[in-house]
Amino acid sequence: MYTDPSTGAQSRVFDALVSYPSEFTLKIIGSGETFVKDMLALLNEHSNGGVTESKVRRTANGKWESITATVMVDSGDMVYLLYEKIDEDPRVKFKF
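My numbering puts the last residue of the sequence shown at 96; the count rises by one with no breaks.
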């Protein structure tokens with residue numbers, strides 16, 4: 001929760017600190033043969049207009065892949081929904 005220093009009002013972080021609509025960048029790290037394709041599909045399905053930019057990197061040993069993707073979001077609720085959907089996939093190791 002975020003507390004506004006001037007009013008003391010509390011709100012969720014993504015509701016308080018981001019103006020909507022907005023471009024939002026996520027980084028997702030995981031593994032699997034279709035991991036990148038599936039994560040991009042998820043982001044396209046649950047954002048407003050889909051992925052506008054993405055970059056994929058693999059670790060030197062090829063075990064992990066990271067996706068950095070920018071999507072358009074309309075609200076804090078949409079950001080939280082994206083994170084919830086990402087968390088449902090057991091191949092995801094880390095996201096921010």
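In this text, a Cβ means the ideal position worked out from N, Cα and C, and glycines have one as well. All values reported here derive from a predicted model rather than from experimental measurement.
Between which two residues does the alpha helix (DSSP H) harbouring Met-39 extend?
Note, Met-39: alpha helix (DSSP H), 35 to 46.
Could you check whether Ala-69 and Glu-84 sit closer than 9 Å to each other, using their CB atoms as the reference points?
No.
Tell me which residues share the same chain as Val-18 and place their Cβ nearer than 6 Å to its Cβ, disregarding the 5 neighbours each side in the sequence.
Within the same chain, Val-18 has no close Cβ partners at all.
Relative to the C-alpha of Asp-71, which residue among Phe-94, Glu-33, Tyr-20 is closest?
Before going on, a small fix: residue 71 reads as Val here, not Asp. For the residues Phe-94, Glu-33, Tyr-20, the minimum Cα distance to Val-71 belongs to Tyr-20.
Quick one, which of Asp-77, Leu-81, Ile-67, Ser-75 has its alpha-carbon nearest Val-92's?
With distances taken between Cα atoms, Val-92 lies closest to Ile-67.
In terms of alpha-carbon separation, which member of Leu-26, Val-79, Val-56, Glu-33 lies closest to Arg-12?
Minimum Cα distance to Arg-12 is reached at Val-79.
Heavy atom of the ligand SAH less than 8 Å from the Cβ of Asp-87, yes or no?
In the structure on display, the ligand SAH does not appear, and there are no ligands present to speak of.
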